[in-house]
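If you count by my numbering, then the sequence shown holds residues 11 to 186, one letter each, in order.
Using N, Cα and C, we set each Cβ at its ideal position, and we do this for glycine too.
What follows is one structure encoded as structure tokens, with my remarks underneath.
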Amino acid sequence: MIKPALLFSLTILAILPACQPGIHSSSACAEMPPYRGSAAFERMKSLTGKWSAVSPIMGKMHTEFRVIAGGSVVEERFAYGTPMEMLSTYYDVNGKLMMTHYCMLRNQPRMKLTKSTADSLTFDFVPTPGLNPAKDKHMRGATYTFIDADHFKLEGVAWENGKASNCGPPVIFTRK
Numbered sequence: 011m012i013k014p015a016l017l018f019s020l021t022i023l024a025i026l027p028a029c030q031p032g033i034h035s036s037s038a039c040a041e042m043p044p045y046r047g048s049a050a051f052e053r054m055k056s057l058t059g060k061w062s063a064v065s066p067i068m069g070k071m072h073t074e075f076r077v078i079a080g081g082s083v084v085e086e087r088f089a090y091g092t093p094m095e096m097l098s099t100y101y102d103v104n105g106k107l108m109m110t111h112y113c114m115l116r117n118q119p120r121m122k123l124t125k126s127t128a129d130s131l132t133f134d135f136v137p138t139p140g141l142n143p144a145k146d147k148h149m150r151g152a153t154y155t156f157i158d159a160d161h162f163k164l165e166g167v168a169w170e171n172g173k174a175s176n177c178g179p180p181v182i183f184t185r186k
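Here it is as structure tokens:
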């Protein structure tokens with residue numbers, strides 16, 4: 011007897027090739043409509059591309075945003091190509107923007123959008139499996155301020171020993 015999970019996996023493997031852009035040889039894959047997320051998600055999508063900044067603490071910094079997963083996730087690769095490389099993903103859950111940060115501290119804090127203005131998005135920590143905020147150092151929050159189409163300011167909040175700790179000064183990124 012074939013287990014349901016195995017059957018599902020085999021079905022997906024049979025269908026996926028037909029779902030690739032430009033391949034329409036199977037009616038098994040219906041055309042997916044373009045993904046339209048929350049206003050905050052769409053704002054994060056506007057950051058798609060490569061960015062650079064100079065921090066008085068970290069020196070030259072680079073980050074890159076790209077849209078993946080059929081348009082439903084924004085991926086940010088921070089300090090890519092360096093030992094400090096980190097990854098953050100931004101996605102909607104029931105119409106509310108969420109963030110998961112894959113940190114060089116070897117944890118993955120989750121955050122939700124707690125404040126949204128015409129010019130900024132602020133994320134704050136939510137309970138995260140495997141992360142004890144009373145003792146684990148982690149990223150606790152972030153604010154993205156949209157200055158114009160080619161500049162944004164990033165302010166991070168770190169957490170150590172159960173309280174806020176220095177995450178460095180705000181950094182202004184410029185589109186490459």
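Original post:
Count the other CB atoms within 10 Å of the CB of S175; is the residue buried (16 or more) or exposed (fewer)?
Top reply: Here residue 175 is taken as the residue at index 165 of the sequence shown, counted from 1. Under this definition S175 is an exposed residue.
**OP:** State the Cα-Cα distance for the pair W61 and V103, rounded to the nearest angstrom.
**Re:** Position 51 of the sequence shown, counted from the start, is the residue given in the question as residue 61. Position 93 of the sequence shown, counted from the start, is the residue given in the question as residue 103. C-alpha separation (whole angstroms): 27 Å.
Original post:
Does DSSP put K186 in a helix, in a strand, or in coil?
Top reply: Translated into positions along the sequence shown, residue 186 becomes position 176. If DSSP states are grouped into helix, strand and coil, K186 belongs with coil.
**OP:** Compare the beta carbon distance of G151 and T138 with 8 Å and say whether it is the shorter of the two.
**Re:** Here the question's residue 151 lines up with position 141 in the sequence shown. Here the question's residue 138 lines up with position 128 in the sequence shown. Result no, Cβ atoms of G151 and T138 do not sit closer than 8 Å.
Original post:
What does K76 pair with, by DSSP beta-bridge criteria?
Top reply: As a working note, residue 76 is residue 66 in the sequence shown. In the sequence as presented, Lys is not what sits at residue 76; that position holds Arg. Looking at the DSSP assignment, R76 forms a beta bridge with E85.
Original post:
Using 8 Å as the Cβ pair cut-off and three pairs as the minimum, do the stretch 120-128 and the stretch 62-74 touch?
Top reply: no
**OP:** For the beta strand (DSSP E) containing K60, list its first residue and its last residue.
**Re:** Within the sequence shown, the letter at position 50 stands for residue 60. Taken as a continuous stretch (DSSP letters only), the beta strand (DSSP E) holding K60 covers G59 to S65.
Subject >> Buried/exposed call for R53, threshold 16 Cβ in 10 Å >> reply: Locating residue 53 in the sequence shown gives position 43, where the first residue counts as 1. Per the 10 Å Cβ criterion, buried.
Original post:
Do you know whose CA, among T127, P44 and N142, lies nearest R116's CA?
Top reply: Taking the first residue of the sequence shown as 1, we reach residue 116 at position 106. With distances taken between Cα atoms, R116 lies closest to N142.
Subject >> The alpha helix (DSSP H) enclosing M54, as first and last residue numbers >> reply: As a working note, residue 54 is residue 44 in the sequence shown. Its alpha helix (DSSP H) spans residues A49 to K55.
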